[in-house]
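Mapped onto this note's numbering, the consecutive letters of the sequence shown carry residue numbers 50 to 277.
C-beta: ideal position from N, C-alpha, C; glycine also.
One structure below.
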Amino acid sequence: MLASDVYRLSEAGFFAMLFRVLYQFPTWIQRLYRKVTWRRPTLSRDVYLTFDDGPIPEVTPDILRILKEKGVKATFFVVGDNVRKSPHLLEAILRDGHRVGNHTFHHLPGLHTSLAEYLQDVSQCDEVLAKHGDMHPRLMRPPYGRMSAAQKREIINAGYEIVLWDVLTHDYNPDYSPEKMLRVVTRYTRPGSVVVLHDSLKSHQRMLTVLPQLIDWWHDNGYQLKVL
50 MLASDVYRLS EAGFFAMLFR VLYQFPTWIQ RLYRKVTWRR PTLSRDVYLT
100 FDDGPIPEVT PDILRILKEK GVKATFFVVG DNVRKSPHLL EAILRDGHRV
150 GNHTFHHLPG LHTSLAEYLQ DVSQCDEVLA KHGDMHPRLM RPPYGRMSAA
200 QKREIINAGY EIVLWDVLTH DYNPDYSPEK MLRVVTRYTR PGSVVVLHDS
250 LKSHQRMLTV LPQLIDWWHD NGYQLKVL
């Protein structure tokens, strides 16, 4: 299949298929899905560690503890309703010097949500975040990494940077042991990689086990962890 043929495919269907199987999208595919951030251009060995779906009392404090112990910063793409329920956790994230991004208010699946409802949900999340300080420039990651072309266009036009990822850990997958996750991330990490983990009950045991190991590996191999 030619690259031009791929581009003519439905963005939604094409990327929904690939997200099920890939740890890292090839660079040429990343270039086809334009105007979103997959990785940061860099001449240094920088890595951007990100967490989706929190904050929640059962998991977030443990993530913050590990990050503080290791002396690293990360970016949290938070669900607005979780912030509403546990505002003190967002305050803790910000107090520790981490970055925060929008992950919608209700963790909406973009491909099954109307444009108007989706945009309203993103705005509702921003309203909750704004109560805790200036969140600009604004970062946004669509839940499940999927959104319609119209949603993508309108969110970019509203001034958000849409951030996907360069390395998918599969920490939400019960078939992935921490050892397998570590192998995946260490194989696919490259300068500028955006790596995604999940601040969720579904992932927490595997994620919390592998997180300090990943940080140690990055440090041992000359990588610096930065916020987006």
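Residue i and residue j closer than 9 Å at C-beta
i, j, result
"Thr218", "Leu250", "no"
"Leu274", "Ala123", "yes"
"Pro188", "Tyr209", "Here residue 188 turns out to be Leu, not Pro, going by the sequence shown. In contact: Leu188 and Tyr209 (Cβ atoms closer than 9 Å)."
"His137", "Leu116", "no"
"Val190", "Phe126", "Strictly speaking, residue 190 in this sequence is Arg, with Val absent from that position. Contact: yes."
"Gly129", "Glu203", "no"
"Tyr237", "Val96", "no"
"Gly241", "Arg88", "yes"
"Gly159", "Pro192", "yes"
"Leu139", "Pro110", "no"
"Asp220", "Ser252", "yes"
"Thr258", "Pro227", "yes"
Limits of the unbroken beta strand (DSSP E) element including residue i
i, result
"Arg148", "Arg148 to Asn151"
"Val132", "From DSSP, Val132 is part of no beta strand (DSSP E) but of the alpha helix (DSSP H) over Gly129 to Lys134."
"Thr99", "Asp95 to Asp101"
"Lys122", "Unbroken run through Lys122: none, as it is neither H nor E."
Local conformation of residue i per DSSP, three classes
i, result
"His181", "coil"
"His161", "helix"
"Asp175", "helix"
"Pro110", "helix"
"His137", "helix"
"Met66", "At Met66 the pLDDT is 45, less than 50, meaning the model places this residue with poor confidence and gives no usable figure here."
"Arg169", "Residue 169 is actually Gln in this sequence, not Arg. Note: Gln169 maps to helix in three-state DSSP."
"Arg144", "helix"
"His156", "coil"
"Tyr72", "coil"
"Met196", "coil"
Span of the alpha helix (DSSP H) around residue i
i, result
"Asp248", "Looking at the DSSP string, Asp248 is not in any alpha helix (DSSP H), and its letter there is neither H nor E."
Strand pairing of residue i, partner residues [DSSP]
i, result
"Leu188", "Glu210"
"Leu274", "Val96"
"Thr86", "Val212"
"Phe126", "Asp101 and Gly150"
The ligand HEM heavy atom lying under 8 Å from the CB of residue i
i, result
"Gly241", "For the structure depicted, the ligand HEM is absent and the ligand set is empty, with no information on it obtainable."
| request: At 3 residues or longer, and completely inside the stretch 199-266: list those beta strand (DSSP E) runs for me, N to C. | output: Secondary structure remark: continuous beta strand (DSSP E) runs of at least 3 residues inside the stretch 199-266, in chain order: 242-247.
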